[in-house]
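1 is the number of the first residue of the sequence shown in this note's numbering; add one for each residue after it. Everything on this sheet refers to the single structure shown next.
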Amino acid sequence: QIFQKFECRDQVDGGIVQNVVRWSIPSILE
1 QIFQKFECRD
11 QVDGGIVQNV
21 VRWSIPSILE
């Protein structure tokens, strides 16, 4: 269960990072 929790957490954190990158790149380009 502990390992599954870490895996889910990594996926969530990775999704958040991707969203931040998607939002920040257009702002930088503009």
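Where is the CB? At the ideal position from N, CA and C, for every residue including glycine. In this text, all values refer to a predicted model and were calculated from it rather than measured experimentally.
So, at 8 Å on beta carbons, what are the nonlocal neighbours of residue i in its own chain, with the 5 sequence-adjacent residues on each side left out?
i	result
E30	none
S27	none
Run through DSSP, which three-state label would residue i get?
i	result
E7	helix
Starting from the C-beta of residue i, find all residues in its chain whose C-beta is less than 7 Å away, skip the five residues before and the five after it, and write them out in chain order.
i	result
C8	none
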